[in-house]
DNA sequence: CCTACCGATCGGTAGG
DNA sequence: CCTACCGATCGGTAGG
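Residue numbers (the numbering used here), protein chains in the order written: chain A, 18 to 204; chain U, 18 to 204.
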């Protein structure tokens, strides 16, 4: 197990490790884990074939480092999705369904204020989705993805019934999980 | 290039090739193309390591055979999605939006007839999604996937404007393609 | 479809 | 972080 490289120097510190993680992420996405060799990764950052093992004990530890970078954004999306389902279906909150379906009846003056709130909410989603897209976990255009995902969730107001009904015996946790499964391209 | 095996026999004909394709599909899904060896595939159907090359010139031809089996269902979904967007937004057809949003105003008697039509339509989607799910191209539960995908498309009635507007400068072909990209886990 | 095998590549290591 | 290298595995082939 290697300790820190050079002790005291003014030159670039050890972003070499970060370089490896970033390049590995790109190559794993392009060619898959097994399709990418340590040699590919090493040469892409200007190292020789054996050198990455100075930073990582083996290839799988490199994969772990890559995946750990992707987890925060995925977890954030999971929470956004779950929360939105919750707003829609939990505790008989009728506010959102009304907003979704009787939106047109609102005078322009009030509409503007609602739009402002909605824009702020959308921005949170967009940041998360942009990040996931950059990491290759979201295959569609991030902006359209936001519209489609929120559309899918919002439309559940049409068919989801929390307690009653037949085949809809799905909890909100499960529903959120399935939405993520549908939409997130995790390897 | 091999010709047909045995000439005239009553025993099982050459489903050996089909066996290879089916098993390869499963293993490629589980472990990826590069993570699956010809030896894995051969042994899984009770052959020795070199024998698959009697049926396929090389490993990539096996991959091609697997993918060709997945294409029909994916293409069918692509058409369903594109057609549904078309119904929603093309040629100023207001029928579907009205049905989506003023559904409640319909007396039960008429509702039943509409439901019957809708059930038939849903069944077409369901068959396609079931198939894609079985092939690992759809990661969510197939029934929920149908609800979510149709939800995402239907909700576009809320934000998509064919000709006017600013950022929505997306054609229906592009929109359909992005929906597929979001939802289908193609390698 | 099997036996026996080859050349190439890959993950990983020793020693500096 | 480099040089030099090893053992194992893999895709593919010859000959039957």
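The C-beta atom is built at its ideal place from N, Cα and C for all residues, glycine as well.
- Within chain U, the residues whose beta carbon sits less than 7 Å from that of residue 156(A) are 198, 199, listed in sequence order.
- The beta carbon of residue 52(U) sits closer than 7 Å to some beta carbon of chain A.
- By the Cβ-count criterion, residue 200(U) is buried, with 16 or more other Cβ atoms from all chains shown falling within 10 Å of its own Cβ.
- Its chain contains 90, 155 as the residues whose beta carbon lies nearer than 6 Å to that of residue 149(A), once the 5 sequence neighbours on both sides are disregarded; these appear in chain order.
- Three or more beta-carbon pairs separated by less than 8 Å link the region 36-51 of chain A to the region 82-96 of chain A, which places the two stretches in contact.
- Residue contact check for residue 164(A) against chain U: a CB pair falls below 7 Å.
- Proximity of the region 98-108 of chain A to the region 185-194 of chain A meets the contact definition, three or more beta-carbon pairs being nearer than 8 Å.
- Under the DSSP assignment, residue 87(U) falls in the alpha helix (DSSP H) whose first and last residues are 76-106.
- The beta carbon of residue 126(A) lies closer than 8 Å to none in the same chain, with the five residues before and after it left out.
- By the C-beta density criterion, residue 53(A) is buried, having at least 16 other C-beta atoms within 10 angstroms.
- Interface annotation for the region 126-143 of chain A against chain U: empty, criterion Cβ-Cβ distance under 8 Å.
- Chain U has no Cβ within less than 7 Å of the Cβ of residue 70(A).
- For the C-beta of residue 195(A), the chain U residues within less than 8 Å are, from N- to C-terminus, 157, 158, 161, 162, 165.
- C-alpha of residue 105(A) to C-alpha of residue 50(U): approximately 41 Å in a straight line.
- In the structure shown, residue 168(A) adopts helical secondary structure according to DSSP, grouped into three states.
- Under the criterion of beta carbons closer than 8 Å, residue 145(U) and residue 93(U) qualify as touching, at roughly 5 Å.
- In this structure, the CA atom of residue 162(A) is about 26 Å from the CA atom of residue 110(A).
- Listed along the chain, the chain U residues whose CB falls inside 7 Å of the CB of residue 202(A) are 202.
- Straight across, the Cα-Cα distance linking residue 204(A) with residue 78(A) is about 16 Å.
- Proximity of chain U to residue 171(A) at the Cβ level (cut-off 7 Å) is accounted for by 172, in chain order.
- Within the model, the alpha-carbon separation for residue 57(A) versus residue 188(U) is close to 39 Å.
- Between the C-alpha atoms of residue 108(U) and residue 174(U) there is a straight-line separation of about 14 Å.
- Interface criterion met: the Cβ of residue 168(U) is under 7 Å from a Cβ in chain A.
- The beta carbon of residue 153(A) is closer than 6 Å to those of 46 in its chain, skipping five residues each way along the sequence.
- At the C-beta level, residue 59(U) and residue 66(U) come within 7 Å of one another.
- Across the structure, residue 76(U) and residue 55(U) are spaced so that their CA atoms are roughly 7 Å apart.
- Counting the other Cβ atoms within 10 Å of the Cβ of residue 158(A) gives 16 or more, which makes it buried.
- Between residue 172(U) and residue 168(A), the C-beta spacing is below 7 Å.
- Residue contact check for residue 103(U) against chain A: no CB pair falls below 7 Å.
- Exclusion of the five residues before and after residue 62(U) leaves 33, 36, 37, 40 as the residues of its chain whose Cβ lies within less than 8 Å of its Cβ.
- In the structure shown, residue 155(A) adopts coil according to DSSP, grouped into three states.
- Boundaries of the alpha helix (DSSP H) around residue 196(U): 189-200.
- Residues of the region 31-60 of chain U with a Cβ closer than 7 Å to any Cβ of chain A, in chain order: 49, 51, 52.
- Counting other Cβ atoms within 10 Å of its Cβ, residue 42(A) reaches 16 or more and is therefore classed as buried.
- Annotated three-state conformation of residue 62(U) is coil, per DSSP.
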